[in-house]
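Some notes on the structure that comes next.
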Amino acid sequence: MEIYIESRGFYQDDDYRWLKVTEETQARIDKQNLPAIIQEANQLIDSESASVVLSRKNNSLLCLLTGIEPTERVDFADRQIRISIAWVISDSPDNERTLRMLAAMALNTEERQHFTVEISQAVSLGGELGFQVDFQHLQKLTNTEQAKKILQDKLPNTTNKIAETSPQRQQELAVELKEYRLPTQQSLIVVVTGIKKEQTLIDADIWRGLSSLVLSSDWQIVNRTLPDKNIANKLSKYFNNLMIIIGVISAVSLLAKTLHFF
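Read in order, the letters of the sequence shown correspond to residues 32 to 293 in the working numbering.
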């Protein structure tokens, strides 16, 4: 398992930065050197807002949580300090279950506050880089045996759905993640974020997507083939009408020549 954390320290020079965290080391890593699965997820979210991403790619699974805001953690200018955490782990049923549990805790209204406290204890201010990480504390959150006890493994409904972000929709998604396995698609699977256009989620073929810019407050089924069919139908009608017009012009021209109008 690889863990990547973004946050900042209290002082002005302790700006936001990513760390790659292992049991032995905590090393700074440039954003462009993050694993591709994290970079892909970051491009599709508003990382400054509370976001949740689940993704599968090249035999790896990702759970990315952003916009975690511990109580009373501010910088030198009294601005809220945020934390983002990414877990990258090999693709297996047990590991998928663990990441589903993490995502569900971040989405669940009752569990989110306790989860934030746990994160704030694992990622604290101080150290040479402005913040430091308790790896052992983070490991407690990825308890495989606990995930087995509280999660089910029903086959998922593979129909894609999106909705406007709200506490109710997030709660419903948390329940679904606890009950159902993820689809097997090799791409972004779950995206919950702030400001992201509805069409962006549709184009990315997200299984479950929530954003403040989705037009429907209720879950809506996404069928990506419909827009393509609509465009094809419109183009077909356009060309049919065009051929009719050309035919009429040709007929009028021929008639005019026959009657010696030209």
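Even for Gly, the Cβ is constructed at its ideal location relative to N, Cα and C.
For a test of the three-state rule: what should DSSP assign to residue i, helix, strand or coil?
i	result
R212	coil
A72	helix
T256	Low per-residue confidence applies at T256: pLDDT is 48, beneath 50, and the placement is therefore not dependable, though the value from the model is reported in the following sentence. T256 falls in the helix class under three-state DSSP.
E113	Contrary to the premise, residue 113 reads as Arg rather than Glu in this sequence. If DSSP states are grouped into helix, strand and coil, R113 belongs with coil.
K227	coil
R39	coil
S151	helix
A205	helix
F237	Reading off the sequence shown, one finds Ile at residue 237, where the question assumed Phe. If DSSP states are grouped into helix, strand and coil, I237 belongs with coil.
L182	coil
I262	Low per-residue confidence applies at I262: pLDDT is 45, beneath 50, and the placement is therefore not dependable enough to give any value.
T17	Nothing can be reported for residue 17, as the shown portion of the chain is limited to 32 through 293.
T97	strand
Taking DSSP's pairing of strands, which residues face residue i in a bridge?
i	result
F162	L156
I49	As written in the sequence, residue 49 is Trp, which differs from the Ile given in the question. Paired residues: E37, I60.
R1	Past the boundaries of the shown model lies residue 1; the chain is included only from 32 to 293, so the question cannot be answered.
I220	Bridge partners of I220: none, in fact.
E195	S242
S86	L93, L219
Q251	I193
S121	S91
Cα-Cα, which of the options is closest to residue i?
i	options	result
E149	E159, E127, T173	T173
A134	I114, Q74, L95	L95
I60	Y35, I68, S82, I76	Y35
I68	N254, A117, Q170	A117
I252	L244, S243, K192, T175	K192
K185	K209, S197, E71	K209
F146	L246, W238, E33, K171	K171
P198	R48, A81, L65, Y47	A81
V84	Q201, V221, L241	V221
K88	L213, E54, T56	L213
M32	E141, E79, T175	T175
G161	A58, E79, E54	A58
S243	E195, E37, L138	E195
F144	L169, E100, Y211, E37	The residue asked about is misnamed: residue 144 is Gln in this sequence, not Phe. Closest by alpha carbon: E100.
S218	Y211, V206, L232, A205	L232
L182	Q63, A235, E54, A205	A205
E55	D45, V245, F166	F166
D122	W238, D45, S86	S86
S247	E229, Y211, L130	E229
T189	E207, D77, V164, M132	E207
P66	D45, N90, D249, E79	N90
Q201	Q111, W250, G98	W250
L241	H168, E203, D45	E203
Q177	N139, S151, L130, T97	L130
S151	D77, E141, R113	R113
Quick check: does the Cβ of residue i come within less than 8 Å of any heavy atom belonging to the ligand ADP?
i	result
F166	Judged by which ligands are present, the structure shown has none, so any question about the ligand ADP falls away.
Counting Cβ pairs, one atom from each stretch, are 3 or more of them under 8 Å apart for the stretch 147-164 and the stretch 215-228?
No: fewer than three Cβ pairs fall under 8 Å.
Taking 8 Å as the threshold, find out whether the stretch 104-111 comes into contact with the stretch 37-52 through three or more Cβ pairs.
yes
Contact between the stretch 113-132 and the stretch 69-80 (3+ Cβ pairs under 8 Å):
yes
Within 8 Å, do at least three Cβ pairs link the stretch 43-56 to the stretch 123-141?
no
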